[in-house]
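Using this note's numbering, you'd call the opening residue of the sequence shown number 265 and step up by one each time.
Note that beta-carbon positions come from the ideal geometry of N, C-alpha and C, so glycine has one too.
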Amino acid sequence: MPERPYVIDKMISAKTIAARIEELAREIEAEYKDTDKLVVVGLLRGSFVFIADLVREIDLPVEVDFLEASSYGDGMESSREVRILKDIRGQIEGRDVLLVEDIVDTGFTLEHVVHLLKSRHPRKLRTIALLDKPSRREAPIKGDWIGFEIPDEFVVGYGIDFAQRNRNLPFIGKVRFT
Ligand code: IMP
């Protein structure tokens, strides 16, 4: 549980997120139109709400898999050391894969997971992140699709947590200590 009291200021509404997901889904459908079954890999735990909304907007056959990586622990700073806590269940060799991340911050998580999945020789691997904090980037990586670029703020909601809290907010809000 966070020690300091904080409030959450709304940053991106549920309606704005839903509208952006519709746009992203059309672009993803165009990119993968020739695939027989797209493998959508969600990075747990922060992407669970995003992936649920995204796959329901994508009008293509999809398989859903999950991978859990850790870098943040319960704090607000990346540990820079990415560990795989849970691997995907399916084989991705020769398959079309879309990796779904909640936020790209330093970029170490995405870089590590992309490297891992590429070593398994998918036919195509693309990445999508709901949020991007470009000013915080340390690893040279960018999502192929980004929902929203945001400033250097600590955000919660829509699946994203602060010390395992606030994942159930329907919108994205920024944490402000009081
Ligand atoms: P990166 O490896 O520094 O890019 O960190 C990516 C991961 O850190 C994300 O998948 C989130 O789990 C977590 N993260 C980064 N920024 C925030 C934030 O503002 N709020 C909550 N979690 C965050």
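Under the rule that 16 or more other beta-carbon atoms within 10 Å means buried, what is residue i, buried or exposed?
i: LEU349; result: exposed
i: SER311; result: buried
i: ALA393; result: buried
i: LYS397; result: buried
i: ASN430; result: buried
i: PHE372; result: buried
i: PRO386; result: buried
i: LEU365; result: The sequence shown places Glu at residue 365, rather than the Leu named in the question. Answer is buried; the Cβ neighbour count reaches 16.
Less than 7 angstroms between the CB of residue i and some heavy atom of the ligand IMP, yes or no?
i: PHE435; result: no
i: THR370; result: yes
i: ASP396; result: no
i: VAL420; result: yes
i: ASP366; result: yes
i: GLY310; result: yes
i: PHE426; result: yes
i: THR373; result: yes
i: LEU389; result: no
i: LEU363; result: no
i: LEU307; result: yes
Since residue i is in the beta strand (DSSP E), which residue starts that stretch and which ends it?
i: LEU274; result: A quick correction: the sequence has Lys, not Leu, at residue 274. Where LYS274 is concerned, the enclosing beta strand (DSSP E) stretches over 270-276.
i: PHE441; result: 436-441
i: THR391; result: 388-396
i: GLY411; result: 409-413
i: LEU307; result: 302-308
Is the number of C-beta pairs between the segment 271-289 and the segment 325-336 that are closer than 8 angstroms three or more?
no
With three or more C-beta pairs closer than 8 angstroms as the rule, is the segment 285-302 touching the segment 403-414?
yes
Which runs of the alpha helix (DSSP H) fall wholly inside the segment 312-371 and span at least 4 residues, in chain order?
312-321
Is the segment 358-378 touching the segment 297-308, taking contact as three or more C-beta pairs under 8 angstroms?
yes
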